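In this note's numbering, the protein residues as written are 146 to 464. Built from N, CA and C at the ideal position, the CB exists for glycine as well. Quick caveat, the model's predicted, so the values are computed rather than measured. Below you'll find the structure, written out as structure tokens, and then a few comments.
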């Protein structure tokens, strides 16, 4: 990891930390992380892609790690994050990037492809497909209707969520999420964090997550807290409102989608049916490939890092 360079840049009125490695003249691969993650989630892919002639760039997104975290919930809309990333692409001195994103990064990736498609050459999306905008029901309301008030995204709306997470401790909360292999909608019963999203949390870490890896995530979230990350979830309905002018617009960027068959996103919200039943391809006409990895859970970029790096390369080398 020592060979990865770190710097802070100014974009869209905030200071953003980026990690980068590779040929400064090479094609830029922009990596976007999810929650509760950081640029560090892409450590393996940064090394792999930079060794193949690419310039790998992974920011800590707004509210995470060493990037600024504005205090207002309203500073975390999809428009704000896309604004940060367009400014970052400009700062990198390129017209287009190859985009790779996971979890919340994937949702932001879809917004980026929708709002500024001319900046994205191709998109490798992990875990979260396009969340089709239903003009009749707001995103959060639809999630509540599907999975109830205790669905984790509904619970993440609550102001007291940070206090509940603080009660179990940063390390417990992060380990609880990263090691989750329970399929179906993650439910977080009201009242306390308890066993969190993962009642079957193992005592020992999985082979793909070392004590040092966990310690890095914990050190950064102990500094920032979880509010920045939770504020993304708290803007789901606002994003639904803001994106009304783009309702029905197809995403034309070439896309490869990769998920695990044990991913709690893939196995909830009727997304399997959407992904395989034609809805996804209808919304994203240039969806070229859907990969479902057997025996793999949500954090596939870390769990099967080499396989993911290979999948990314096999797709982006065409562009």
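Alpha helix (DSSP H) containing residue 420: first to last residue?
Within the chain shown, the letter at position 275 stands for residue 420. Where residue 420 is concerned, the enclosing alpha helix (DSSP H) stretches over 416 to 421.
For residue 237, which of 154, 226, 379, 382 has the nearest alpha-carbon?
Position 92 of the chain shown, counting from 1, holds the residue named residue 237. It is 154.
Check for me: the alpha helix (DSSP H) holding residue 209 runs from which residue to which?
Numbered from 1 along the chain shown, position 64 holds the residue referred to as residue 209. Careful: residue 209 lies outside any alpha helix (DSSP H) and carries neither H nor E.
Mark residue 399 as exposed unless 16 or more other C-beta atoms lie within 10 angstroms of its C-beta, in which case mark it buried.
Here residue 399 corresponds to residue number 254 of the chain shown, with the count starting at 1. By the 10 Å Cβ count, residue 399 comes out buried.
Using DSSP's beta-bridge definition, name the partner residues of residue 400.
Your numbering for residue 400 matches position 255 in the chain shown. Per DSSP, 268, 432.
Classify residue 388 as helix, strand or coil using the three-state DSSP reduction.
Residue numbering aside, residue 388 sits at position 243 when the chain shown is read from its first letter. Reduced to three states, the DSSP call for residue 388 is coil.
Tell whether a beta-carbon distance below 7 Å holds between residue 161 and residue 204.
Counting from 1 along the chain shown, the entry for residue 161 is found at position 16. Counting from 1 along the chain shown, the entry for residue 204 is found at position 59. Closer than 7 Å, so yes.
Which whole runs of the beta strand (DSSP E) in the stretch 173 to 223 are 3 residues long or more, in chain order?
173 to 177, 200 to 204
So, is residue 331 buried or exposed, given that buried needs 16 or more other C-beta atoms within 10 angstroms?
For the purposes of this step, residue 331 is taken as residue 186 along the chain shown, with counting starting at 1. Residue 331 should be labelled buried.
Here's a check: name, in chain order, each residue in its chain whose Cβ is nearer than 7 Å to the Cβ of residue 171, leaving out the five neighbours to either side.
Your numbering for residue 171 matches position 26 in the chain shown. Hits under 7 Å: 198, 199, 200.
When DSSP builds the beta bridges, which residues end up paired with residue 296?
Looking up residue 296 in the chain shown gives position 151. 332, per the DSSP bridge assignment.
In the DSSP assignment, find the alpha helix (DSSP H) that holds residue 124 and state where it starts and stops.
This structure leaves residue 124 out entirely; the chain is present only between 146 and 464.
Kindly list the residues whose CB is nearer than 6 Å to the CB of residue 151, restricted to its own chain and excluding five residues on each side of it in sequence; keep chain order.
In the chain shown, the residue the question calls residue 151 occupies position 6. Cβ neighbours of residue 151 beyond the five flanking positions: 164.
What are the residues that DSSP puts in a beta bridge with residue 154?
As a working note, residue 154 is residue 9 in the chain shown. According to DSSP, which records beta bridges pairwise, residue 154 is partnered with 161.
Distance check for residue 281 and residue 358, CA to CA, integer angstroms please.
One-based indexing of the chain shown puts residue 358 at position 213. One-based indexing of the chain shown puts residue 281 at position 136. Going from the Cα of residue 358 to the Cα of residue 281 covers about 43 Å.
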